[in-house]
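A.B. asks: Once you've had a glance at the structure underneath, I'll fire off some questions.
Protein chains: 2
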Amino acid sequence: MTAKQRLPDRKSKVTVREVALRANVSESTVSRILRNKGPIADDTREKVMEVVRAMGYVPNRIAGSLASLNSNLVGVIIPSLSNIVFPEVLQGIHAGLEATDNMQAVISISNYDVELEENVIRGLLAWKPAAVLTTGFEHSDATRRMLELSDVRVVEMMDIDSDPIDIAVGMSHRSAGYATGRHLVEKGWRRFGYVGHNLDNDRRARLRFEGLRSALFEAGLDIAARAVAGSASSVGAGKQMTAQLLDGDTPVDVIVYSNDDMAVGGVFHCQSAGISIPGDVAVFGFNGLDIGFQMPQPLSTIRSNRFLIGKTAIEAMLTEPAGTKIDTGFEIFEGGTA
Amino acid sequence: MTAKQRLPDRKSKVTVREVALRANVSESTVSRILRNKGPIADDTREKVMEVVRAMGYVPNRIAGSLASLNSNLVGVIIPSLSNIVFPEVLQGIHAGLEATDNMQAVISISNYDVELEENVIRGLLAWKPAAVLTTGFEHSDATRRMLELSDVRVVEMMDIDSDPIDIAVGMSHRSAGYATGRHLVEKGWRRFGYVGHNLDNDRRARLRFEGLRSALFEAGLDIAARAVAGSASSVGAGKQMTAQLLDGDTPVDVIVYSNDDMAVGGVFHCQSAGISIPGDVAVFGFNGLDIGFQMPQPLSTIRSNRFLIGKTAIEAMLTEPAGTKIDTGFEIFEGGTA
DNA sequence: CTGAAAGCGCTTACAG
DNA sequence: CTGAAAGCGCTTACAG
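Structural data, given as C-alpha cells:
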C-alpha cells in the first residue's frame, strides 16, 4: 500500500472548493486556470495545477454545463446499428469530434421509427446538447417542433433531397438511382430486375428506386420484374429475393439491388445455383461496402461516403449557417458484376 | 400561423419556476409530480401536468443530475466501430437500456489504445455516469486507478479470462481457442495453419491462439505454418495472408483464422484461386458473423454472443455485486468449410 | 491579476 | 399533501 501513499485520498470527493482551499486561492481562480480563461500569474497557475494533480481533481462537467449554460454533448440519432453503414457514419462523427474541444457524442437508436425518434430526441434535448445529428428528413411533427423551438443546431444526415430543418449533409439518393439507371443502360443492359427490402421506412432506398425508374423511362425501358422482401435489408433477404425473382416468369439480364447487403446475397445465391455473373445475370448494388469490394468478383455498385457524411456533419454544425445543404457526393464503381 | 397559437411560446425557455408560477404551486410540487415521488393530490397533479404540456416544458437533466447527484448516463468505451462485432455489443447495450428508467449511453472509441482509453474515460467520468462499460482487461494504471476511486459501477466486457475491476461479462477466449483445436483434431485435421491479424493490441485473439495451441499440443500437434498481418483484421487482410500462407513451403490442410473477417477473406481467396474448400484446405473462423453464415458454404466457426454480452452488461451493472463474472458462453458452428 | 457574490435549474430534507 | 430554503459544483460578470 505504500505505493498508494501519494495517490488521492480514497473517499472525500474533491471539488474546486477543496482545490482552492488547499492552494490558497479563490474558486474563481481555480476555474479560470482550468479553462485557460483570463490572465493568470504564472506561479499561481503552477501552484494550483500542482494541487489539482495531487488531489486527482476531475472537474464535474454537469455542474460546469449548468453554470455556463452550454454542454459539450452532441446528440446523435441513427436508425440502426445492424447495418454497417451507420457505424461508419459514427466513425466519421467521431473523427470530426476529435478536432473539437472534446465534445462527446450521446448516441441513440431510432429503429427507423419516427415515434421512437421523437422520444429519443426528447430525452436527448433534456441534456441541452450543442447539436443534434439525426438521419434523414422523416420526423414526426412533434419532433420537428421540438427541434425548431430548441436552440440547438440540427443536422439531418445522409439525404439532401429535401429542405433541412437547419443543415443537411449527405447525397442525393434520387440522383444515385438515376445514375445507376443511366450507367447500366449505357452498358447495354435492357431487361431490368429489382430486388429490394422493405422500403416503408427507408425513404432513401425509395428515392433511389424512383431515380432508377426515371432513367429507365427516359430510355424507353422499365423494370420488368421485382422481388421485395418484407424485412429490413440483409444478405439473407438478398439471397431469398434473388431466388424468387429468378424463379419467376420474367427473364431479366441485370438486377439492381436496394443496397450492397442485398446484392451480396444475390451474388451468393448465384454462386450456389451455378448462375454466372454477369454472363447469365448482372448484379448492381449501392453503398460500396468493403465486403462487396473484396469478393472474387468485386461488386458493381455506387460508393456513398458514410465516413465523410459523419465528419462533415460535425464540421458543418460548428461553422455553417442555417439552411446549408452539403452534398458529399457518390461515385459509380465499375466492379465486375455488371 | 394560427396553427401555432397553442404551441409553447417561441423564445422564453421554460423552467420549473415558470411551470410552478403558472400552475400556482411550488417548484417542489412540480418536481415531485414530474418524478412521481411522494403523495400528490390528484387535482394538483392534473393541473400541473396540463401546464407542463401547454408550455412544452422539458426538464433540464443537467440541473436534475447536479441536484440529485446522480445521472442516468452510462459511459461505453469500445475499441472500434469498424469491426461489426462492437456495434453488435452496442445493440445489446441499447436493448438492456430500454428496460431501464431511460438511461442514456455515451459512447466513445478507444481505438485499441490504452492511452486513448484513459483520456476517454477521464472525459466520461466528468459526466458522473452511473456506470462505465469498457472492453477487456487491458487498461493503463491510471485508468484502473480512476475507475477504482470513482464510485461508478464498472463492467469489463467480452473477456472473462482475468479478474475484473468490478464486473466482467463475456466469454473465455482461451477456452474458445482450445475448443477450436479439439474440434478440428477430432474431425481428423492434422496439418494446421494459422492466419491472423496484428495481435499486439488484441488480447482476446492472443488468448484464442494460445488455447488453440494447447489443444494441439495435447494431441501431439502444433501449428505448422502461420501468416500474420501487420494490420487490424479485415477481409482484405484475410485474402492476402491466406495467399501468403498457401504460397509457402509448408503444406497445411486446415487454416484457423483469428476471426471471421479474416476467414471470409480466406474463402474469397480460395474461390479466386480455384482452391476447393474443405477438400484442398479447410477454413475455420471465430465470431459467427452473419456474412459467414450466408456464404454458399456456411463458414465453420465459433459463435460468440455479442448482443447478449451488451445486454447482460447493463443488467449486471444494475444488479450484480462487485466481483461478479458472467460467462455468456460460445458454441461451435459446424458449417461447411471445415 | 484575483476574489466575493450571484446564479445556472433542478432536488431534497425539513416543517407544517 | 404542500412549501420555503438550502444546496448540488461549477462559471461569470463585476469590482478592485
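Taken in order, these protein sequences are the chains called D and R. All residue numbers for the first sequence refer to the UniProt record's numbering, where the first residue is 1 and numbers rise by one. All residue numbers for the second sequence refer to the UniProt record's numbering, where the first residue is 1 and numbers rise by one. Where is the CB? At the ideal position from N, CA and C, for every residue including glycine. Because the structure is a prediction, the values reported are computed rather than measured.
Would you decide whether phenylalanine 217/R is buried or exposed? Buried here means 16 or more other CB atoms lie within 10 Å of its CB.
C.D. replies: For the purposes of this step, residue 217/R is identified with residue 217 of the second sequence, where counting begins at 1. Exposed, since its Cβ has fewer than 16 Cβ neighbours within 10 Å.
A.B. asks: Thinking C-beta only, is threonine 328/R closer than 8 Å to methionine 171/R?
C.D. replies: For the purposes of this step, residue 171/R is identified with residue 171 of the second sequence, where counting begins at 1. For the purposes of this step, residue 328/R is identified with residue 328 of the second sequence, where counting begins at 1. In contact: methionine 171/R and threonine 328/R (Cβ atoms closer than 8 Å).
A.B. asks: Please report how far the alpha carbon of alanine 101/D lies from the alpha carbon of glutamate 315/D, in whole angstroms.
C.D. replies: For the purposes of this step, residue 101/D is taken as the residue at position 101 of the first sequence. For the purposes of this step, residue 315/D is taken as the residue at position 315 of the first sequence. One detail in the question is off: residue 101/D reads as aspartate in this sequence, not alanine. For aspartate 101/D and glutamate 315/D, the distance between alpha carbons rounds to 12 Å.
A.B. asks: Of all the beta strand (DSSP E) runs that stay within the bounds of the region 152-176 of chain R, which reach a length of 3 or more residues?
C.D. replies: 153-159 and 167-171
A.B. asks: Count the other C-beta atoms from every protein chain shown that fall within 10 angstroms of the C-beta of glutamate 138/R, then say buried if there are 16 or more, exposed otherwise.
C.D. replies: By 1-based counting over the second sequence, the position of residue 138/R is 138. By the neighbour-count rule (16 or more Cβ atoms within 10 Å), glutamate 138/R is buried.
A.B. asks: Roughly how far, in whole angstroms, is the beta-carbon of phenylalanine 286/D from the beta-carbon of leucine 184/D, given that I think they are within contact range, below 8 Å?
C.D. replies: On the first sequence, residue 286/D is found 286 positions in, with the first residue counted as 1. On the first sequence, residue 184/D is found 184 positions in, with the first residue counted as 1. In fact, because the Cβ distance is near 12 Å, the residues do not count as touching under 8 Å.
A.B. asks: Near glutamine 5/R, what residues of its chain come up, given a Cβ to Cβ distance below 7 Å and the 5 sequence neighbours on each side ignored?
C.D. replies: Taking the second sequence and counting its residues from 1, the one referred to as residue 5/R is at position 5. Any answer about glutamine 5/R is weak, because its pLDDT of 32 lies below 50 and its placement is not dependable; what the coordinates show is given next. Excluding residues within five positions, none has a Cβ falling inside 7 Å.
A.B. asks: Run through the DSSP bridge pairs and tell me what threonine 301/D is partnered with.
C.D. replies: Residue 301/D sits at position 301 when you count from the first residue of the first sequence. Paired residue(s): Phe333/D.
A.B. asks: Go ahead and pull the three-state DSSP assignment for valine 14/D.
C.D. replies: Walking along the first sequence from the start, residue 14/D turns up at place 14. Here valine 14/D sits in coil by DSSP.
A.B. asks: According to DSSP, is valine 25/D helix, strand or coil?
C.D. replies: As a first step, residue 25/D is located in the first sequence; it is residue number 25 there, counting from the start. Reduced to three states, the DSSP call for valine 25/D is coil.
A.B. asks: Along chain R, which residues have their Cβ under 7 Å away from the Cβ of lysine 239/D?
C.D. replies: Working through the first sequence from its first residue, we reach residue 239/D at position 239. Near lysine 239/D (Cβ distances below 7 Å), the residues of chain R are Gln294.
A.B. asks: Over the uninterrupted beta strand (DSSP E) stretch that includes alanine 227/D, give me the two end residues.
C.D. replies: Here residue 227/D refers to the residue found at position 227 when the first sequence is read from its first residue. It spans 223-228 - the beta strand (DSSP E) in which alanine 227/D sits, taken as one unbroken run.
A.B. asks: How would you write the range of the beta strand (DSSP E) that threonine 134/R sits in, first residue to last?
C.D. replies: Mapped onto the second sequence, residue 134/R falls at position 134. Start and end: 131-135.
A.B. asks: List the residues of chain D whose Cβ lies closer than 7 Å to the Cβ of isoleucine 314/R, in chain order.
C.D. replies: Here the question's residue 314/R lines up with position 314 in the second sequence. The contacting residues do not exist; isoleucine 314/R stays about 14 Å from chain D at best.
A.B. asks: For asparagine 111/R, which residues in the same chain have their Cβ closer than 7 Å to its Cβ, ignoring the five residues on either side in sequence?
C.D. replies: Counting from 1 along the second sequence, the entry for residue 111/R is found at position 111. Sequence-distant Cβ neighbours of asparagine 111/R in its own chain, meaning closer than 7 Å and more than five residues away, are Pro79 and Ser80.
A.B. asks: Compute the beta-carbon to beta-carbon distance between serine 175/D and glycine 211/D, rounded to the nearest angstrom, for a pair I have assumed lies under 8 Å.
C.D. replies: Residue numbering aside, residue 175/D sits at position 175 when the first sequence is read from its first letter. Residue numbering aside, residue 211/D sits at position 211 when the first sequence is read from its first letter. About 6 Å; that satisfies the 8 Å criterion.
A.B. asks: To the nearest angstrom, how far is the alpha carbon of serine 214/D from that of glycine 292/R?
C.D. replies: Working through the first sequence from its first residue, we reach residue 214/D at position 214. Working through the second sequence from its first residue, we reach residue 292/R at position 292. Those two C-alpha atoms are separated by around 36 Å.
A.B. asks: Within 8 Å (strictly less), CB to CB, does tryptophan 189/D reach chain R?
C.D. replies: As a first step, residue 189/D must be located in the first sequence, where it is residue number 189. Not one chain R Cβ lies under 8 Å of tryptophan 189/D.
A.B. asks: Take threonine 312/D and list the residues in its own chain whose beta-carbon comes closer than 8 Å to its own, dropping the five residues that flank it on each side.
C.D. replies: As a working mapping, residue 312/D is identified with position 312 in the first sequence. Excluding positions up to five away in sequence, the list reads Gly92, Gly96, Val169, Ile326 and Thr328.
A.B. asks: Report the residue ranges of all alpha helix (DSSP H) runs contained in full by the region 243-288 of chain R; include only those spanning at least 4 residues, in chain order.
C.D. replies: 260-273
A.B. asks: Helix, strand or coil for lysine 37/R per DSSP?
C.D. replies: Sequence index remark: in the second sequence, residue 37/R carries index 37 (1-based). In this structure, lysine 37/R counts as coil in the three-state DSSP scheme.
A.B. asks: Should glutamate 334/R be labelled buried (16 or more other beta-carbon atoms within 10 Å of its own) or exposed?
C.D. replies: Within the second sequence, the letter at position 334 stands for residue 334/R. Answer is exposed; the Cβ neighbour count stays below 16.
A.B. asks: Checking the sheet assignment: what are the DSSP bridge partners for alanine 105/D?
C.D. replies: Sequence index remark: in the first sequence, residue 105/D carries index 105 (1-based). Paired residue(s): Val74/D.
A.B. asks: Between which two residues does the alpha helix (DSSP H) holding lysine 56/D run?
C.D. replies: Taking the first residue of the first sequence as position 1, residue 56/D is located at position 56. The sequence given here places glycine at residue 56/D; lysine does not occur at that position. Counting along the chain, glycine 56/D falls outside any alpha helix (DSSP H), and DSSP gives it neither H nor E.
A.B. asks: Does the beta carbon of alanine 225/R sit closer than 8 Å to a beta carbon anywhere in chain D?
C.D. replies: For the purposes of this step, residue 225/R is taken as residue 225 along the second sequence, with counting starting at 1. False, the Cβ-Cβ gap to chain D never drops below 8 Å.
A.B. asks: In this structure, how does DSSP classify proline 64/D when only helix, strand and coil are distinguished?
C.D. replies: Taking the first residue of the first sequence as position 1, residue 64/D is located at position 64. The identity of residue 64/D in the sequence shown is glycine, whereas the question assumes proline. Helix, per DSSP.
A.B. asks: Return the CA-CA distance between serine 258/R and alanine 224/R, expressed in angstroms with no decimal places.
C.D. replies: Taking the second sequence and counting its residues from 1, one reaches residue 258/R at position 258. Taking the second sequence and counting its residues from 1, one reaches residue 224/R at position 224. Roughly 16 Å between the two C-alpha positions.
A.B. asks: Answer yes or no: does any C-beta atom of chain R fall closer than 8 Å to that of arginine 61/D?
C.D. replies: What you label residue 61/D is simply residue 61 of the first sequence in a count that begins at 1. Interface criterion met: the Cβ of arginine 61/D is under 8 Å from a Cβ in chain R.
A.B. asks: Establish whether the CB of alanine 99/R and some CB of chain D are separated by less than 8 Å.
C.D. replies: Residue 99/R sits at position 99 when you count from the first residue of the second sequence. Taking Cβ atoms only, chain D never reaches closer than 8 Å to alanine 99/R, which makes this a no.
A.B. asks: Is isoleucine 84/D helix, strand or coil when you go by DSSP?
C.D. replies: To locate residue 84/D, count along the first sequence from 1; it is residue 84. Residue state, collapsed to three classes: coil.
A.B. asks: Shorter than 8 Å from the beta carbon of asparagine 198/R to some beta carbon of chain D?
C.D. replies: Translated into positions along the second sequence, residue 198/R becomes position 198. It does not; no Cβ of chain D falls within 8 Å.
A.B. asks: Given methionine 49/R, which residues of its chain have a CB within under 8 Å of its CB, disregarding the five upstream and five downstream residues?
C.D. replies: For the purposes of this step, residue 49/R is taken as the residue at position 49 of the second sequence. Contacts found: Ile33.
A.B. asks: Buried or exposed, going by whether 16 or more other CB atoms sit within 10 Å of the CB of arginine 10/R?
C.D. replies: For the purposes of this step, residue 10/R is taken as residue 10 along the second sequence, with counting starting at 1. For arginine 10/R, the predicted model reports a pLDDT of 39, less than 50, meaning its position is unreliable and no value from the coordinates is stated.
A.B. asks: Kindly indicate which residue of Arg204/R, Asn72/R, Pro164/R and Phe209/R has the alpha-carbon position closest to the one of alanine 105/R.
C.D. replies: The residue given as residue 105/R occupies position 105 in the second sequence. Per the Cα distances, Asn72/R.
A.B. asks: Starting from glycine 196/R, trace the beta strand (DSSP E) both ways and give me its first and last residue.
C.D. replies: Locating residue 196/R in the second sequence gives position 196, counting from the first residue. Start and end: 192-196.
A.B. asks: Quick one, which residues of the region 77-96 of chain R are near chain D if we go by CB-CB under 7 Å, in chain order?
C.D. replies: Leu81, Ser82, Ile84, Pro87, Leu90, Gln91 and His94
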